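Everything in the sequence shown is counted per this note's numbering, starting at 88 for the first residue and increasing by one. Just so it is clear, CB atoms sit at the ideal spot from N, CA and C, and this is done for glycine as well. Please read all numbers here as calculations on a predicted model, not as lab measurements.
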Amino acid sequence: RGADDAAGLAISEALRSDIRALRQAIRNANDGISLINVTEGALNEQAGILIRMRELSSQAATGTVGSTERQTIQ
Numbered sequence: 088r089g090a091d092d093a094a095g096l097a098i099s100e101a102l103r104s105d106i107r108a109l110r111q112a113i114r115n116a117n118d119g120i121s122l123i124n125v126t127e128g129a130l131n132e133q134a135g136i137l138i139r140m141r142e143l144s145s146q147a148a149t150g151t152v153g154s155t156e157r158q159t160i161q
């Protein structure tokens, strides 16, 4: 009982509060990791699009591509 050991009860409650705070910090960190993973996926997708755009622009700039093919690329 709390009345039997007031100091022990206070320490116990402080530790419980610390545990709750740490659990929330872990959840927050995991949310941050998830956000970074989603952002990384989006950046990878954008990089792929930019690489493809560069490939197509290089193809369009060469003399080996006809006007019909060049128009298709654009």
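Asked                                          : Found
Where T159 falls: helix, strand or coil (DSSP) : helix
A101 versus N117 - alpha carbon distance       : 24 Å
Where T151 falls: helix, strand or coil (DSSP) : coil
A97 versus A112 - alpha carbon distance        : 23 Å
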